[in-house]
Amino acid sequence: MATLRDIKRRIKAVNNTRQITKAMKMVAAAKLRKSQGRMLEMRPYAEKMSAVLANLARGAESALHPLLAFRPRKTIEVVILTSDRGLCGAFNSNILKAAQKFIGGLRKDGFDVAITTVGKKSSDYVRRRNIPTRRTWSGLSGRVTYAHAQEIANDIIESYISEAMDEVVLIYNEFKSVIAQQVVVARLLPLVPVGTEGDTEPALDFIYEPSQEEIFNVLLPKNVEIQIYRALLESQASEEAARMTAMENATKNANEMIDRLTLQYNKARQAAITKELMDIVGGVEALK
Amino acid sequence: MENKILLEIVTPYGSVFSDQVDEFSATGSEGEFGVLPGHAPFLTTLKIGMLTYKKGQETGFFFVNSGYAEIGPDKATILADSAERAEDIDIERAKAAMKRAEERMKQAEKIDFARATAAIQRATIRVQVAEKKGSK
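Here the protein sequences line up with chains G and P, keeping their order. Take our numbering: the final residue in the first sequence is number 291, and no numbers are missing along the way. Take our numbering: the final residue in the second sequence is number 839, and no numbers are missing along the way.
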């Protein structure tokens, strides 16, 4: 039986935890609002960009630009986007589980897999399991800028052009709503498979200004940057949303626990008083 | 209704404009161009410049800070690095920015010449676009 003092101490401890989770929840909510805004602003641009490129690539030859090159798939690069910080529920484990399954599938099919991780949680994960990675990035959780996306994009573009890999896949959390994030596996490169099956729309014969080549030279790398930037923003907003939900649950649980402990405390106090009374009454009886 | 073109201007900071217009013109890297409904498929890079559209009696002006334009027969997409409606341009700020850039230009050498030139260009056109709206 826990003593009164023990219970009181526990109540205090839980209360302290609750204060922390409550504060974290509010911080996450504020950050969420900010990153959600940025992400929503970015969405139409990224989507339009893909649409424009899809149109273009239909009429283009894959020899025109190294980023359009469509090589036989041998090495597949998987870019995993997680957060740097924990305490955000199943956010990171969902991603890592999905990534592991996906990579396992690729390996089974006989592909070589190169891994790039973004965020400390994924790099810790692969390090613990001794999985070799090609690149790891961290320290951008919570303050994603376009420069980050550019840096990552440049690295990927370079190794794609040098034929270190033949396909690049992004795995990240897409922001569905504050309470729902969805793991998405999206292909980044080759940009658009030229002449894919099921493509019924006729190729448009574009007039290019200045020249097709020059436009592709700027547009294709830019698209990679934009798509990565978008994924980073989605991931960031999802992280804050996941953290907010997780912290809210933690606060709720702490409340429940405090209620339970308080009840236990009162019961114990009552029992102690009753016992004391009994002792006194017993003592008085004995003196008679 | 049938003789309209859907003009969409999107930037990384959100969609700025999306409406059916009668015609519009923008500044491409090779010079200004006008677009009417039924235009041939056309893809160009955009310079810092002005975009004007006409919709019935209404004329609108935009400041477009480089990007791309994809034009199809009934739909045009402008992917701009940034874009502002003439009404939203802060002339004072643009003028101040121009002055700053010019100052820096005078000090010369120490600064990135290309960057200062671009800043001046941006400011100049911003002011132009804003004044166009005012004079209307």
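Even for Gly, the Cβ is constructed at its ideal location relative to N, Cα and C.
Chain-ordered chain G contacts of residue i [CB-CB under 7 Å]
| i | result |
| --- | --- |
| Y756 (chain P) | Here the premise fails: no neighbours, minimum Cβ distance about 18 Å. |
| G731 (chain P) | E212 |
Buried/exposed call for residue i, threshold 16 Cβ in 10 Å
| i | result |
| --- | --- |
| S238 (chain G) | buried |
| K192 (chain G) | For the sequence presented, residue 192 (chain G) should be read as Leu rather than Lys. Buried. |
| G142 (chain G) | exposed |
| T277 (chain G) | exposed |
| D202 (chain G) | Confidence at D202 (chain G) is low in this model, with a pLDDT of 49, below 50, so the placement of that residue is unreliable and no value is reported for it. |
| E170 (chain G) | buried |
| E50 (chain G) | exposed |
| E200 (chain G) | Note that E200 (chain G) scores 45 on pLDDT, short of 50, meaning its location in the model is unreliable; the coordinates nonetheless yield the value given after this. Burial call: exposed. |
| M281 (chain G) | exposed |
| R829 (chain P) | buried |
| V284 (chain G) | exposed |
| G226 (chain G) | Before going on, a small fix: residue 226 (chain G) reads as Asn here, not Gly. So N226 (chain G) counts as buried. |
| E259 (chain G) | exposed |
| R110 (chain G) | exposed |
| V188 (chain G) | exposed |
| K255 (chain G) | exposed |
| T848 (chain P) | Residue 848 (chain P) lies beyond the residue range present for chain P, which begins at 704 and ends at 839; the question has no answer from this structure. |
| G198 (chain G) | Note that G198 (chain G) scores 48 on pLDDT, short of 50, meaning its location in the model is unreliable; the coordinates nonetheless yield the value given after this. It is exposed - the Cβ of G198 (chain G) has fewer than 16 other Cβ atoms within 10 Å. |
| V287 (chain G) | exposed |
| A797 (chain P) | buried |
| K34 (chain G) | buried |
| I792 (chain P) | buried |
| F219 (chain G) | buried |
| G759 (chain P) | exposed |
| K839 (chain P) | Any reading at K839 (chain P) needs caution, since the residue's pLDDT is 47, under 50, leaving its predicted position unreliable; the model's value is listed next. Exposed. |
| N706 (chain P) | exposed |
| A810 (chain P) | It should be noted that the sequence gives Gln, not Ala, for residue 810 (chain P). Result: exposed. |
| L223 (chain G) | buried |
| Q39 (chain G) | buried |
| A150 (chain G) | exposed |
| M247 (chain G) | buried |
| M168 (chain G) | buried |
Chain-ordered neighbours of residue i on chain G, where CB pairs are closer than 9 Å
| i | result |
| --- | --- |
| F745 (chain P) | F209, I210, Y211 and E212 |
Within-9 Å CB hit, residue i to chain C
| i | result |
| --- | --- |
| E726 (chain P) | Absent from the structure is chain C; the protein chains it does hold are G and P. |
Distance between beta carbons of residue j and residue i, contact taken as under 8 Å
| i | j | result |
| --- | --- | --- |
| M52 (chain G) | L236 (chain G) | Not a contact, Cβ separation roughly 14 Å. |
| D87 (chain G) | K37 (chain G) | Contact flag wrong, Cβ pair sits at about 17 Å. |
| A249 (chain G) | L90 (chain G) | 7 Å |
| L67 (chain G) | E216 (chain G) | 7 Å |
| G737 (chain P) | E726 (chain P) | 7 Å |
| L710 (chain P) | Y756 (chain P) | 6 Å |
| G717 (chain P) | P47 (chain G) | 7 Å |
| V129 (chain G) | L84 (chain G) | Wrong, their Cβ atoms sit about 13 Å apart, outside the cutoff. |
| F745 (chain P) | F209 (chain G) | 6 Å |
| N252 (chain G) | V186 (chain G) | Between V186 (chain G) and N252 (chain G) the Cβ distance is about 20 Å, and since that is not below 8 Å, they are no contact. |
| E228 (chain G) | A152 (chain G) | 5 Å |
Interface partners of residue i on chain P, CB under 7 Å
| i | result |
| --- | --- |
| L222 (chain G) | Y771 |
| I231 (chain G) | Within 7 Å Cβ-Cβ: nothing; I231 (chain G) doesn't reach chain P, min ~13 Å. |
| N48 (chain G) | Contrary to the premise, residue 48 (chain G) reads as Tyr rather than Asn in this sequence. In chain order: V713, T714, P715 and L782. |
| I218 (chain G) | L746 and T748 |
Contacts that residue i makes with chain P (C-beta to C-beta distance below 9 Å)
| i | result |
| --- | --- |
| E44 (chain G) | T714, P715, Y716, G717 and S718 |
| L109 (chain G) | Within 9 Å Cβ-Cβ: nothing; L109 (chain G) doesn't reach chain P, min ~32 Å. |
| V1 (chain G) | Lying outside 4 to 291, the shown extent of chain G, residue 1 (chain G) is not represented and no answer is given. |
| N58 (chain G) | P744, L746, E773 and G775 |
Contact set between residue i and chain P, taken where Cβ atoms lie within less than 8 Å
| i | result |
| --- | --- |
| K37 (chain G) | Near K37 (chain G) there are no residues of chain P at all, since even the closest Cβ is about 14 Å away, more than 8 Å. |
| K51 (chain G) | E711, V713, T780 and L782 |
| query | Does the stretch 733–751 of chain P come close enough to the stretch 260–271 of chain G to have 3 or more Cβ pairs within less than 8 Å? | reply | no
| message | Please give me, in chain order, every unbroken run of the beta strand (DSSP E) with length at least 3 that falls completely inside the stretch 758–813 of chain P. | response | 761–774 and 778–788
| message | Counting beta carbon pairs with one atom in the stretch 98–112 of chain G and one in the stretch 165–181 of chain G, are three or more of them shorter than 8 Å? | response | yes
| query | Which ranges would you report for the beta strand (DSSP E) in the stretch 48–103 of chain G if only whole runs of at least 3 residues count? | reply | 78–84
| Contact between the stretch 775–787 of chain P and the stretch 801–811 of chain P: three or more CB pairs below 8 Å? | no
| said: What ranges does the alpha helix (DSSP H) occupy inside the stretch 110–143 of chain G, keeping only unbroken runs of at least 4 residues that lie completely in it? | reply: 123–131
| task | Scan the stretch 719–755 of chain P and note each continuous beta strand (DSSP E) run of 3 residues or more that stays entirely inside, going in chain order. | result | Taken in chain order, the complete beta strand (DSSP E) segments of 3 residues or longer contained in the stretch 719–755 of chain P are 726–731, 734–738 and 745–749.
| query | On the three-pair Cβ rule with 8 Å, is the stretch 70–86 of chain G touching the stretch 109–124 of chain G? | reply | yes
| message | To test your reading of the DSSP string, which unbroken alpha helix (DSSP H) runs of 4 or more residues are found completely within the stretch 203–267 of chain G? | response | none
| message | Counting beta carbon pairs with one atom in the stretch 120–140 of chain G and one in the stretch 154–162 of chain G, are three or more of them shorter than 8 Å? | response | Under the Cβ criterion (8 Å, minimum of three pairs), the stretch 154–162 of chain G counts as touching the stretch 120–140 of chain G.
| task | Decide if the stretch 221–234 of chain G is in contact with the stretch 14–27 of chain G; the criterion is three or more beta carbon pairs, one per stretch, under 8 Å apart. | result | no
| message | When you compare the stretch 760–767 of chain P with the stretch 718–736 of chain P, are there three or more beta-carbon pairs, one atom per stretch, that lie closer than 8 Å? | response | yes
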